[in-house]
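Residue numbers (the working numbering): 444 to 581.
Everything below concerns the one structure shown next.
Here it is as structure tokens:
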């Protein structure tokens, strides 16, 4: 009998862990998107850099280095689109500002590919694309 309870406990634990992002809605939930590669469209260069983008519902977006330091923090001005389940194809666009510059952060999933496009309107506009390798609900 103890073996049945142990097996059931292990099964439930694994089921809960594997469902961490199931049904997560980007406009409500906090989600961390992890990337190992960045394409800088301005320079045309790929960089193997570990970073993460964390979306905090419809309020803010943070871009962090692998050591946790902040690369950039954005306030969300407007959320365009609805994406109620990040495990199915969809997209959402955040109209953002860092206080000095405005731009967009677009997250798109098509099939097994997830990309985040960051466009910031500065004196020298920046356009970067992150290839997402994993995600997790926070």
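Ideal placement from N, C-alpha and C gives every residue a C-beta, glycine not left out.
The continuous stretches of beta strand (DSSP E) do not include residue 510, and DSSP gives it neither H nor E.
Annotation for residue 581: no beta strand (DSSP E) segment contains it, and DSSP assigns it neither H nor E.
When DSSP states are grouped into helix, strand and coil, residue 521 belongs to the strand group. The distance from the Cβ of residue 520 to that of residue 526 is about 18 Å, inconsistent with a contact at the 8 Å cut-off.
Note that the stretch 486–493 does not touch the stretch 538–554; fewer than 3 beta-carbon pairs, one per stretch, sit closer than 8 Å. By the beta-carbon neighbour count (other beta carbons within 10 angstroms, threshold 16), residue 565 is exposed. In this structure, the beta-carbon distance from residue 533 to residue 552 falls below 7 Å. Around the CB of residue 513, fewer than 16 other CB atoms lie within 10 Å, so the residue is classed as exposed. For residue 548, the enclosing beta strand (DSSP E) stretches over residues 545–553.
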